[in-house]
Amino acid sequence: MIKYIKTNKFLFICLSIIFVSSFFASLIQTNFGSVKIELRNLQTDDGQNLVYDLYKPKAANADNKVPFIVVVPGFQRSKEALSNIAIELSRRGFAIALIDPYAQGMSSSSISRLAATTQGYGMFALVDYAHDGNFPFVNINKIGSTGHSMGGNAAIRGADYFGKQAIKNNTKSKLDSVYISGYVLTLRENILKDSKSNMGVSYALYDEGAFRNELSGWDSGNMEIAPESLRLVNSVLSDKDKINKVKLGHYYGKKENNSLRVVFNEKLLHPFQPYNKEATANQIDYFEKVIGFPNKINSLNQIWQFKEFFTLINMIISLVMLIPLSRALLRINFFKTLVMPIPEALPMQSKKGKVVFWFIFFLSASIACLTFIPMVDIAKVLFVEAAARDLTWFFPQRMNNSVMLWAGLNGTIGLIIFTLSYYFFGKNHGTDTNSWGLDISYKNLLKTFFLGFIIFSLYYLILFIVYYLFHVDYRFWFIGVRVFQPEILLVLLMYFPLFFIFFFSNSLRVNGAMRFKNQTEWKSRLIAGFANSLGLMSIIVIQYSVYASTGRVYWSSNSTDWLSINLLFGIVPMMFILPYFNRIFFQMTGRVYLGPLVTCLIFIMILSTNTVVYLPIK
């Protein structure tokens, strides 16, 4: 055993770091043991399944009832993406239900195509459940909700839904207070007139989706003069007191009759708003004002950043762990045949060779940049059910369908360019096809696929163990490696073929066309990283350069295009590091197959567990 540990010392170091980091992340998440966190399921009357984390202060009980807040993440987000809000509110004495919205995370898909509007992504059912006394430690007169982006829309719709219910029954609204972050589109008079909840709004001044608001340009996100925020405030003021400019951070109305209104306008972009100290403090101050905290802690006293730090370590080290884990498995007799000599690198580049190389480099990046948005549009045509939010077994991931098409197209183009460059240039300039690392027996190819699935399985097995022990995963903000339900494995197999074309193409290019004699390894890998990510990186640069100069994002003709570009914040870093892993696996085996297999499986699973999935499963 000692010998085995010494041989695999690096693997055990990685595992140790992951478990230690997870322990500390768990300490932060539970406020050093004062908050108990449980994973729970709610079977709704509609036959749907709502999964949520219950943050229960240990001091809360039937004799010491506490306020209750339902936290609703936005579109493309699972419950872990807003754990920071749950952490800060629970350590101040609130009970928190942090939900996986319908069709996201581990919750079932909704039978409604407008789940945020009609069900609050599941929040409506949970508010009813709490109000009916199913949580003995909850003060049913102090129930609230908060959410970001589409989760913010769910909060608005909740105020409207429970307000109408209160008017009909001549009672107090079950939803005492809501906090709306990153969404103002539905702050309309027909909705506000029925709201019987205190309402706080936090909107990013530089929100990329603000082009959909009623004002244009830079004013579209200016909540001092935005019609949406003016309607919010004026809906509770008398005719003589109505205003034409909102004073940010000022409380209007009265909490006693649930008419309190406040607006914040942080200088942020949309996806980063939930992960900002000022924005978090504003939300804390709001709930302190409208409900009051059992535990008095200054709003700027925040600890969630430390949890993010430890789970970021988890994410980085878990990926690094793939290297010693794979090496350990390759030492097993059955897999030893997969370890082959590393082929000779390509000859040093001539001046003409450098011109050809950089031409292909920028051509490929340009194609990657120019084809992404068209694939977004084509995906809506090819995958009609998912685009329309209908339940389907046919490629059910609305947002990832476009990424899959882009990957398949660019992978195919990459293989074509690779082949043509060899026949028209490389063949006559010293390129030896043996350097590509393609030669492999049928038996070893099958072994490679088997090994790849084992590495993938062990990687996620460790994650499941970590989640079971500490209730944390590997993540930083909205980028996360998270646990999954069994049916996602079927989705994985569905998306694998087209994605694998891209990953294999990258491995072949990185190891067969970007590996030269007398070129330092760090330089080679860096060039490969930019080659694989520059196209998508350029989209982000174009989008925000235009936004910085005009106040309107470049891709805004379609209301969902900007969301697809927001998706790139998580994809680009993965694209950059992909060639590093493909090179490392190539150096382990001398062949180009194991790297793309392992990275493709993990990449698809990361995408699949952090997006909407319209599977017809209850």
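All letters in the sequence shown, in the order written, are residues 1 to 618 by this note's numbering. Yeah, the Cβ is synthetic: ideal placement off N, Cα and C, and Gly gets one too.
What is the C-beta distance between ALA368 and LEU498, in whole angstroms, given that I count them as a contact (C-beta under 8 Å)? Locating residue 368 in the sequence shown gives position 368, counting from the first residue. Locating residue 498 in the sequence shown gives position 498, counting from the first residue. That pair is no contact at about 15 Å.
Pairwise C-alpha distance: SER238 and LEU230: To locate residue 230, count along the sequence shown from 1; it is residue 230. To locate residue 238, count along the sequence shown from 1; it is residue 238. Approximately 13 Å, taken between the alpha carbons.
Candidates VAL263, ASN258, ALA130: which alpha carbon is nearest ILE180's? Walking along the sequence shown from the start, residue 180 turns up at place 180. Taking only the C-alpha atoms, the option nearest ILE180 is VAL263.
Relative to the alpha-carbon of PHE530, which residue among ILE602, SER366, LYS142, LEU489 has its alpha-carbon at the smallest distance? Taking the sequence shown and counting its residues from 1, one reaches residue 530 at position 530. Nearest C-alpha to PHE530: SER366.
Which residue from ILE284, MET223, LEU50 puts its Cα closest to that of TYR203? Along the sequence shown, one-based indexing puts residue 203 at 203. The shortest C-alpha separation from TYR203 is found at MET223.
What's the C-alpha gap between CYS600 and PHE503? Residue numbering aside, residue 600 sits at position 600 when the sequence shown is read from its first letter. Residue numbering aside, residue 503 sits at position 503 when the sequence shown is read from its first letter. Cα-Cα distance, rounded: 6 Å.
Cutting at 6 Å between CB atoms, please list the residues of its own chain near PHE10, excluding the five before and the five after it. The residue labelled residue 10 in the question sits at position 10 within the sequence shown. Excluding positions up to five away in sequence, the list reads PRO324.
Give a yes or no on contact between the region 69 to 86 and the region 476 to 488, applying the rule of three or more CB pairs nearer than 8 Å. yes
Taking only the alpha-carbon atoms, compute the straight-line gap between TYR580 and SER524 and give it to the nearest angstrom. On the sequence shown, residue 580 is found 580 positions in, with the first residue counted as 1. On the sequence shown, residue 524 is found 524 positions in, with the first residue counted as 1. If you take the alpha carbons of TYR580 and SER524, they lie about 9 Å apart.
According to DSSP, GLY249 sits in a beta bridge with which residue or residues? As a first step, residue 249 must be located in the sequence shown, where it is residue number 249. Looking at the DSSP assignment, GLY249 forms no beta bridge with any residue, so it has no partner.
Between the alpha carbons of TYR193 and GLY249, how many angstroms are there, rounded? Numbered from 1 along the sequence shown, position 193 holds the residue referred to as residue 193. Numbered from 1 along the sequence shown, position 249 holds the residue referred to as residue 249. Reading off the sequence shown, one finds Lys at residue 193, where the question assumed Tyr. Taking the straight line from one Cα to the other gives about 22 Å.
For GLU38, the three-state DSSP class (helix, strand or coil): Counting from one through the sequence shown, the residue named residue 38 turns up at place 38. GLU38: strand per DSSP, three-state reduction.
Look at the alpha carbon of SER78 and the alpha carbon of ASP390, and state the distance between them as a whole number of angstroms. The residue you call residue 78 lines up with position 78 of the sequence shown. The residue you call residue 390 lines up with position 390 of the sequence shown. Using only the alpha carbons, I get a separation of about 20 Å.
How many angstroms separate the CA atom of ASN610 from the CA atom of LYS307? Translated into positions along the sequence shown, residue 610 becomes position 610. Translated into positions along the sequence shown, residue 307 becomes position 307. Answer to the nearest angstrom: the Cα atoms are 19 Å apart.
Using the rule of at least 16 other Cβ atoms within 10 Å of the residue's Cβ for burial, across every protein chain shown, is SER235 buried or exposed? Locating residue 235 in the sequence shown gives position 235, where the first residue counts as 1. Burial call: buried.
Beta-bridge pairing of ILE96 - partner residues as DSSP gives them: Taking the sequence shown and counting its residues from 1, one reaches residue 96 at position 96. Its beta-bridge partners are TYR55, ILE69.
Residue nearest to PHE137 in terms of C-alpha spacing, selected from ILE243, ILE99, VAL66, THR448: As a working mapping, residue 137 is identified with position 137 in the sequence shown. It is VAL66.
So which of PHE395, GLN104, HIS148, ILE373 has the shortest CA-CA distance to PHE496? What you label residue 496 is simply residue 496 of the sequence shown in a count that begins at 1. The residue with the shortest Cα to Cα distance from PHE496 is PHE395.
Inspect the CB distances between the region 431 to 446 and the region 587 to 605 and report whether three or more fall short of 8 Å. yes
Would you mind sorting TRP358 into buried or exposed? The rule is 16 or more other CB atoms within 10 Å of its CB. Counted from its first residue, the sequence shown places residue 358 at position 358. Burial call: exposed.
Take PRO343 and list the residues in its own chain whose beta-carbon comes closer than 6 Å to its own, dropping the five residues that flank it on each side. Within the sequence shown, residue 343 is the residue found at index 343, counting from 1. Same-chain partners within the cutoff: ASN434, SER435, GLY437.
Along the beta strand (DSSP E) that carries THR146, what are the first and last residues, could you check? Sequence index remark: in the sequence shown, residue 146 carries index 146 (1-based). Run containing THR146: 138 to 148, per the beta strand (DSSP E) assignment.
Closest Cα partner of MET514 within the set GLY426, PHE456, MET574: Counting from 1 along the sequence shown, the entry for residue 514 is found at position 514. Selected option, being the one with the closest Cα: GLY426.
When the Cβ atoms of the region 561 to 574 are set against those of the region 534 to 550, are three or more pairs found closer than 8 Å? yes
Comparing alpha-carbon positions, which option in ASN428, PHE309, TYR206 lies nearest ILE639? Examination of residue 639 is not possible in this model, given that the chain is present from 1 through 618 alone.
Below 8 Å, can you find three or more Cβ-Cβ pairs linking the region 165 to 182 to the region 134 to 152? yes
State yes or no: is the C-beta of SER107 within less than 8 Å of the C-beta of ASN49? The sequence position of residue 107 within the sequence shown is 107, counting from 1. The sequence position of residue 49 within the sequence shown is 49, counting from 1. For SER107 and ASN49, yes; Cβs fall inside 8 Å.
Kindly indicate which residue of PHE211, THR520, GLN485, ILE99 has the alpha-carbon position closest to the one of GLN119. Numbered from its first residue, the sequence shown carries residue 119 at position 119. Among PHE211, THR520, GLN485, ILE99, the Cα nearest to that of GLN119 belongs to ILE99.
Proximity to SER21 [Cα-Cα], best of PHE585, PHE470, THR520: The residue you call residue 21 lines up with position 21 of the sequence shown. That would be PHE470, whose Cα lies nearest to the Cα of SER21.
Among ILE225, GLY430, ASN444, which one has its Cα closest to the Cα of VAL339? As a working note, residue 339 is residue 339 in the sequence shown. Here the closest residue by C-alpha is ASN444.
Rounded separation between ILE167 and GLY158 - CA only: The count along the sequence shown starts at 1 and reaches residue 167 at position 167. The count along the sequence shown starts at 1 and reaches residue 158 at position 158. Roughly 14 Å separates the two Cα atoms.
As assigned by DSSP and simplified to three states, the class of PHE264: In the sequence shown, residue 264 corresponds to position 264, counting from 1. In the structure shown, PHE264 sits in a strand (DSSP, three-state: E or B).
What is the DSSP secondary structure of VAL481, reduced to helix, strand or coil? In the sequence shown, the residue the question calls residue 481 occupies position 481. Note: VAL481 maps to strand in three-state DSSP.
Nearest-angstrom beta carbon gap, PHE162 and VAL127 [assumed within contact, 8 Å]: For the purposes of this step, residue 127 is identified with residue 127 of the sequence shown, where counting begins at 1. For the purposes of this step, residue 162 is identified with residue 162 of the sequence shown, where counting begins at 1. With a Cβ gap of about 7 Å, VAL127 and PHE162 count as contacting.
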